[in-house]
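A.B. asks:
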Amino acid sequence: MTTLAYRTCPLCEAMCGLEIELRDGDRPGAVRGDRADVFSAGYLCPKGVSIGKLHDDPERLRAPLLRTGDRWREVSWDEAFGEIERRLPPILAEHGRNAVATYLGNPNVHDLAPTLYLPVLIRALGSDYRFSASTLDQWPKQVSSGLMFGTELSIAIPDVDRTDYLLVLGANPMVSNGSLFTAPDLPGRLRRLRERGGRLVVVDPRRTRTADVADEHLPIRPGTDALFLAALAHELFDAGLVTLGPAEPHLVGVAEVGRAVAGFAPDKVAEACGIDAATIRRVARELAAAPSAAVYGRIGTTTTEFGTVASWLVDVLNTLTGNLDRPGGVLFPLPAAGSPNTAGPAGVGRGIRVPGSRRTRVRGLSSTLGEFPTAVLAEEIDTPGADGTRLRALITVAGNPALSAPNATRLDAALSTLDFMVSVDLYLNETTRHADVILPAPSPLARGHYDLAFTGLAVRNVARWSPSTLPLRPTEQPVSSTLLRLVCVLLGNGLTPAALDDTIAAELARRLVADPASRVAGRSADELLAAVAPRRAEERLLDLMLRAGPYGEGLGSHPDGLSLDVLAAHPHGIDLGPLRPRLPGVLRTPSGKVELAPPQLLADLPRLAGTLGRPDPGLLLVGRRDLRSNNSWMHNLEPLVKGRNRCTLQVHPVDADRLRLRAGAPARIESAVGAVEAEVEVTDTVREGVVSLPHGWGHDRPGTRLATAATRAGVNSNILTDPGPLDPLSGTARLNGIPVTVAPIDAAPTTIAPTTAAPTTASPS
Ligand SMILES: Nc1nc2c(c(=O)[nH]1)N[C@H]1C(S)=C(S)[C@@H](COP(=O)(O)OP(=O)(O)OC[C@H]3O[C@@H](n4cnc5c(=O)[nH]c(N)nc54)[C@H](O)[C@@H]3O)O[C@H]1N2
Ligand SMILES: Nc1nc2c(c(=O)[nH]1)N[C@H]1C(S)=C(S)[C@@H](COP(=O)(O)OP(=O)(O)OC[C@H]3O[C@@H](n4cnc5c(=O)[nH]c(N)nc54)[C@H](O)[C@@H]3O)O[C@H]1N2
Ligand code: SF4
Ligand SMILES: [Mo]
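Below you can see the structure in the form of structure tokens.
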């Protein structure tokens, strides 16, 4: 018998509603877009279609694995935790909390339970060594947004459905489906933008699929977006085009910004950016003249040495053109649960502290928003201090740093020297092969889901609860149970996971009733807890937050308001309306104003100016994404990897000629830290002087259980990325714009050189 189930796809940020056929109640069949979904209206991509294949993948882990030497054994949860209990606490006792690190990967933000329980785990561990994919990704945007608006989750989102002009830098939403920009069917939304007479301009060294559907493509030189954006701001001031719009009463620092960008005239930056000054001036004038406009930057702007400055300048431009906090410009979502900018007194707060107070041991780099740069993970393991101090143990949750972090060769070697490693993951892969214990997380179809993170980044206010679609196998358990049990091991105080969970819920309830902004302000925590009984784990925490949140039922004070029961009764989601202006209530800055000119950012501009007149760095490597990929981890599903090789080095025809590279032939790519070989693809979609290789490949490591992925292993582009140069304000790695040399394989040695390069410092070079 076939039945239908509905849920939100957790595989990227777009939050598409899925309709899943279930055969005999427990086998996934065809997957379609849910046409009744209030947000996605039937849209989906090939990854969503494959979610059943992921569930059925025989190599997806279903039981804990314990390693002895090179052999893995399936064990019970008690045996797995027995091993953790035996090996982790002694390391903490002997070497202290800072001997143990956590690395949290990207899929955690797509899963409700880790979003809620990982902060508890991190607190229980108490280590300064917190790493995540964020410092390989969006940290710069969170830092700049935190400095300007007061919390790192107060990110202004392009109002794509109403804007007249969208300037996209370093993002390819036609392929990535959007990031820090949750909007299912961005291809359709961009098409409609142009159909209603709007203009789409794409700034990218590659002529991407997004550039293909745009009105204009500006092939910028990698790493120079901050210069380009500063020049746009310069032109607005210079030509007297600054209009502040509705945000004006809430702004401070406009004049300071004008002075700060004075050195970045279009003529000065044009050569470095590879975009002529007349074009820069024209784009600035178009932005100013458009009835509404939004500037949006992503990976290509954040994973550079000037990621935070570039991210800030994006919002500076939105502000100087009057588009901050207005329809058609950029707006702040008002999510139903979990946003720090709906908690506490409206309009003022503590802001964020940048840089953070902690320093890494080896390079002395500061923490940012509580995390250390993932770029230092390897050196903190393999460089013992005089007293023998080093990272000795690692907990990874949904992360594959062996493929996603810079200088992968060194990190891979370092991981193999750890005294102990435990991973919570779906697979035995390039990272988890180094673990001693792997604890399986359930398939996305066997867990409940609510997008706590992405409802706060969405182009409409929506809420949707997805109950678990399929049952767990007897050897599986919910990830909340796994994380709670890990916390209990770290606390070592005899608390049971169930008691710990009660404590966490009670703490949250107390916080909510004490918050003047919540709909349960002043009520009793016990009353609130009683309302959500008998729910447990993440469902209980979510229900608490929904009831107390800005649309909540407020323990009866708003009878039409939200609770988890209400969401459960709406399997296709609830539309909470378009984004609306939220200034000044959204702010949590100490000044109660939008800080347009944070001193930390102004102080970084001389470093940016110092790049003008740098000698030509030669060939620069950038990444790219593919519609059928998901970072490093969905390559074990045949439908997503079949067909031609996608891990190719794209080279412009002129460069191919000059370097004697032939299409289809292998080439050797070498950077300051490593070398790889990849097949050449000659294409004029990359600009001259730029080559492109996707990340997330390199599935040829021994000891993994990824048979399908291994048949199209590809190469790991992060063997080439250098952990030395960072964006100092966020600690984010430079993963784009890597200086490389490329040679045909017959003219170069064919061995892949292991790296011996020592890390360089983060100072401007
Ligand atoms: N050169 C270069 N490097 C990059 C990037 C780039 O553009 N260029 N992009 C960066 C970006 S944006 C990101 S986000 C990072 C990603 O970096 P990571 O988060 O480290 O890696 P992922 O490839 O997302 O791998 C996710 C891991 O989680 C596991 N997993 C998947 N789903 C689940 C789940 O539900 N539960 C659990 N417990 N495990 C799960 C997978 O098996 C895999 O091991 O890579 C970064 N690295
Ligand atoms: N299909 C698919 N979708 C995904 C993912 C995936 O792996 N596959 N990953 C998900 C994740 S974790 C994330 S963070 C998002 C990322 O979402 P996006 O940022 O939209 O993704 P990318 O395709 O990496 O786009 C980055 C673009 O920046 C360009 N670029 C490189 N260097 C520069 C530069 O210096 N300046 C400018 N202006 N451009 C530059 C690259 O050519 C590339 O086209 O995608 C998410 N969605
Ligand atoms: S676009 Fe993203 S959310 Fe939508 S189906 Fe594809 S992977 Fe899932
Ligand atoms: Mo990402």
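Going by this note's numbering, the letters in the sequence shown line up with residues 7 to 771, in that order. All C-beta atoms in this analysis are idealised placements derived from N, C-alpha and C, irrespective of residue type, glycine included.
#1: Could you tell me which residues DSSP puts in a beta bridge with Arg466?
#2: Taking Cβ positions, are Thr230 and Asn178 nearer each other than 7 angstroms?
#3: Determine the closest residue to Tyr123 out of Arg631, Leu506, Thr691 and Gly598, with distance taken between C-alpha atoms.
#4: Within 10 angstroms of its Cβ, does Met427 collect 16 or more other Cβ (buried), or is it exposed?
#5: Quick one: is Lys648 buried, meaning 16 or more other Cβ sit within 10 Å of its Cβ, or exposed?
#6: DSSP three-state call for Thr327: helix, strand or coil?
#7: Hey, would you say the C-beta of Gly629 is under 6 angstroms away from at least one heavy atom of ligand 5?
#8: Can you name, in chain order, every residue of its own chain whose Cβ lies under 6 angstroms from the Cβ of Ser185, other than the five neighbours on each side?
#9: Identify whether Tyr123 lies in helix, strand or coil by the three-state DSSP scheme.
#10: Helix, strand or coil: which one does DSSP assign to Leu340?
#11: If Leu804 and Pro379 are in contact, beta carbons under 8 angstroms, what's the gap, nearest whole angstrom?
#12: Please check the pair Val538 and Ser530, which I expect to be a contact at CB under 8 angstroms, by giving their CB distance rounded to whole angstroms.
#13: Where DSSP assigns a beta bridge to Leu732, which residues make up the other side?
#14: Are the CB atoms of Thr488 and Val443 within a distance shorter than 7 angstroms?
#15: Nearest by alpha-carbon distance to Pro778: which of Tyr433, Asp165 and Pro228 is it?
#16: Taking just the CA atoms, how far does Gly560 sit from Ser698?
#17: Compute the distance between the beta-carbons of Pro1 and Gly462, then report whether it is under 7 angstroms.
#18: Between the Cα of Leu326 and the Cα atoms of Ser150, Gln606 and Glu254, which residue gives the shortest distance?
#19: Can you tell me whether Arg613 is helix, strand or coil according to DSSP?
#20: CA-CA distance, Val688 and Leu568?
#21: Would you call Arg586 buried or exposed, if buried means 16 or more other Cβ atoms sit within 10 Å of its Cβ?
#22: Apply the 10 Å Cβ neighbour rule to Asp728 and answer buried if 16 or more other Cβ atoms are within range, or exposed otherwise.
#23: For a test of the three-state rule: what should DSSP assign to Pro52, helix, strand or coil?
#24: Between Leu235, Val166, Val260 and Ala352, which lies nearest to Ala615 when the distance is taken from Cα to Cα?
#25: For the beta strand (DSSP E) that contains Ile444, what are its first and last residues?
#26: Just to confirm my understanding: we take Thr767, look at its own chain, exclude 5 residues before and 5 after, and list those with CB closer than 8 angstroms. What are they?
#27: Might you give, ordered along the chain, the residues of its own chain that have their beta carbon closer than 8 angstroms to the beta carbon of Ser56, omitting 5 neighbours on each side?
#28: Name the two residues that bound the continuous alpha helix (DSSP H) containing Pro503.
#29: With 16 other CB atoms within 10 Å as the buried threshold, where does Arg136 fall?
#30: For a test of your reading of the model: does the CB of Ala177 fall under 6 angstroms from any non-hydrogen atom of ligand 2? Yes or no.
#31: Please state the DSSP three-state secondary structure of Met640.
#32: Please tell me whether Glu685 and Thr654 are closer than 7 angstroms, where the distance is taken between their beta carbons.
#33: Mapping the DSSP letters down to three states, classify Leu24 as helix, strand or coil.
#34: Does ligand 4 have even one heavy atom less than 6 angstroms from the beta-carbon of Asp143?
#35: Check whether the region 153 to 170 and the region 307 to 326 are in contact - that is, three or more C-beta pairs closer than 8 angstroms.
#36: Is His576 helix, strand or coil when you go by DSSP?
C.D. replies: Taking the geometry as given:
#1: The residue labelled residue 466 in the question sits at position 460 within the sequence shown. Answer by DSSP bridge pairing, in chain order: Pro584.
#2: Within the sequence shown, the letter at position 224 stands for residue 230. Within the sequence shown, the letter at position 172 stands for residue 178. It is not a contact, given that the beta carbons lie outside the stated cut-off.
#3: On the sequence shown, position 117 is the one that residue 123 refers to. Of the candidates Arg631, Leu506, Thr691 and Gly598, the one whose C-alpha sits nearest the C-alpha of Tyr123 is Leu506.
#4: Within the sequence shown, the letter at position 421 stands for residue 427. Taking a 10 Å sphere around the C-beta of Met427, we find 16 or more other C-beta atoms and assign the residue as buried.
#5: Reading the sequence shown from its first residue, position 642 is the one you call residue 648. Its Cβ having fewer than 16 others within 10 Å, Lys648 is exposed.
#6: One-based indexing of the sequence shown puts residue 327 at position 321. Here Thr327 sits in coil by DSSP.
#7: Ligand 5 is absent from the structure shown, which contains only ligand 1, ligand 2, ligand 3 and ligand 4.
#8: Looking up residue 185 in the sequence shown gives position 179. The residues are Glu19 and Arg304.
#9: On the sequence shown, residue 123 is found 117 positions in, with the first residue counted as 1. Residue state, collapsed to three classes: helix.
#10: Locating residue 340 in the sequence shown gives position 334, counting from the first residue. Leu340 falls in the coil class under three-state DSSP.
#11: Because the chain here runs from 7 to 771, residue 804 falls outside it and cannot be looked at.
#12: Stepping through the sequence shown from its first residue, residue 538 is reached at position 532. Stepping through the sequence shown from its first residue, residue 530 is reached at position 524. That belief does not hold up - the Cβ atoms of Val538 and Ser530 are roughly 13 angstroms apart, past 8 angstroms.
#13: If you number the sequence shown from 1, residue 732 lands on position 726. In the DSSP output, where bridge partners are listed per residue, Leu732 has Ala739.
#14: One-based indexing of the sequence shown puts residue 443 at position 437. One-based indexing of the sequence shown puts residue 488 at position 482. Their beta carbons are not under 7 angstroms apart, which means Val443 does not touch Thr488 by this criterion.
#15: Any question about residue 778 goes unanswered here, given that the chain covers just 7 to 771.
#16: By one-based count along the sequence shown, residue 698 stands at place 692. By one-based count along the sequence shown, residue 560 stands at place 554. Taking the straight line from one Cα to the other gives about 52 angstroms.
#17: Outside the modelled stretch of the chain, which goes from 7 to 771, sits residue 1, for which no answer is possible.
#18: Taking the sequence shown and counting its residues from 1, one reaches residue 326 at position 320. The residue with the shortest Cα to Cα distance from Leu326 is Glu254.
#19: Stepping through the sequence shown from its first residue, residue 613 is reached at position 607. Correct three-state label for Arg613: helix.
#20: Position 682 of the sequence shown holds residue 688. Position 562 of the sequence shown holds residue 568. Going from the Cα of Val688 to the Cα of Leu568 covers about 54 angstroms.
#21: Locating residue 586 in the sequence shown gives position 580, counting from the first residue. Looking at its Cβ environment, which holds fewer than 16 other Cβ atoms inside 10 Å, Arg586 is exposed.
#22: Numbered from its first residue, the sequence shown carries residue 728 at position 722. The residue is buried, with at least 16 neighbouring Cβ atoms inside 10 Å.
#23: Indexing the sequence shown from 1 puts residue 52 at position 46. In the structure shown, Pro52 sits in a helix (DSSP, three-state: H, G or I).
#24: Stepping through the sequence shown from its first residue, residue 615 is reached at position 609. The option with the nearest alpha carbon to Ala615 is Leu235.
#25: For the purposes of this step, residue 444 is taken as residue 438 along the sequence shown, with counting starting at 1. First-last of the beta strand (DSSP E) with Ile444: Val443 to Pro446.
#26: Within the sequence shown, numbered from 1, the residue matching residue 767 stands at position 761. The pLDDT assigned to Thr767 is 37, lower than 50, so where the model puts this residue is not dependable, and the model offers no usable value.
#27: To locate residue 56, count along the sequence shown from 1; it is residue 50. Val37, Met640, Leu643, Pro645 and Leu646.
#28: Working through the sequence shown from its first residue, we reach residue 503 at position 497. It spans Pro503 to Ala520 - the alpha helix (DSSP H) in which Pro503 sits, taken as one unbroken run.
#29: By 1-based counting over the sequence shown, the position of residue 136 is 130. When all chains shown are included, Arg136 counts as buried.
#30: Taking the first residue of the sequence shown as position 1, residue 177 is located at position 171. Yes.
#31: Taking the sequence shown and counting its residues from 1, the one referred to as residue 640 is at position 634. In the structure shown, Met640 sits in coil (DSSP, three-state: anything other than H, G, I, E or B).
#32: For the purposes of this step, residue 685 is taken as residue 679 along the sequence shown, with counting starting at 1. For the purposes of this step, residue 654 is taken as residue 648 along the sequence shown, with counting starting at 1. In this structure, Thr654 lies closer than 7 angstroms to Glu685 by Cβ.
#33: Locating residue 24 in the sequence shown gives position 18, counting from the first residue. Taken through DSSP and simplified to helix, strand or coil, Leu24 comes out as strand.
#34: Locating residue 143 in the sequence shown gives position 137, counting from the first residue. Yes.
#35: yes
#36: Locating residue 576 in the sequence shown gives position 570, counting from the first residue. DSSP, read as helix, strand or coil, puts His576 in coil.
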